[in-house]
Amino acid sequence: MTTGGVTTPRQPAKRPPVLNPLPPYAALLGLSTSRAEDGELLWIMPFSEAVLGRPGFLHGGAIAGLLEFAALGTLYEALGEGPTAKPINVSIDFMRGGGEHDTFAAATLTRLGSRVANVEAHAWQKDRSKPIAAARMNLIIRR
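The opening residue of the sequence shown carries number 0 in numbering that gives the first Met the number 0; numbering runs sequentially from there.
Put into structure tokens, the structure is as follows:
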């Protein structure tokens, strides 16, 4: 099945061990994972009452949570088992209102040093070229 430019498999995508099982907040948001054709880890947040803000729109905190999980998932895939990371700084840009549709997110690791990592994440709904929000995270790595 293809939704939002994402091929959704019948089975969830394998996540990094540190995010398996998902934390309670991710479960509350209904988050699941999938893989793009190129293997990119994608996060999916289905529209539900749990993520509703004002009538007809997603809550900004739900979008921010989705972006954070996308960024952390990408970082933990690159780090492998063992190291953990804690946010130093998070910046989120809300570009347009998220409507009553499933929301997707993916992240890119822009820098991975020995102690600090920088990750960018984007969230979209029907069209990946029209993001509803973006985040930049700086994280400290504990090895």
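Beta carbons are placed, not taken as given, at the ideal position from N, Cα and C, and that holds for glycine.
Non-local beta-carbon contacts of L51 in its own chain, meaning distances under 8 Å to residues more than five positions away in sequence, involve L57 and H58 in chain order. Spanning the alpha carbons of L138 and L30 requires a straight line of approximately 22 Å.
It is roughly 24 Å from the alpha-carbon of P86 to the alpha-carbon of S33. The segment 67-125 is shown to contain whole beta strand (DSSP E) runs of 3 or more residues at 83-93, 102-111 and 115-123, in chain order.
By alpha-carbon distance to P45, the top candidate from E76, A104, F93 and E36 is A104. At the C-beta level, T83 and T107 stay beyond 8 Å of one another. Residue pairing by DSSP leaves N19 without any beta bridge partner.
Rounded to the nearest angstrom, the Cβ distance from I43 to L66 is 13 Å, too far for a contact under 8 Å. Shown here for L27: same chain residues with a beta carbon closer than 8 Å to its own, the five before and five after excluded, namely A49 in chain order. In the three-state reduction of the DSSP assignment, I131 falls in the coil class, being assigned neither a helical nor a strand state. Under the DSSP definition of a beta bridge, L51 partners with L57. The alpha-carbon separation between P130 and L18 amounts to approximately 24 Å. Of the candidates A61, A122, G96 and R141, the residue whose Cα lies closest to the Cα of V115 is R141.
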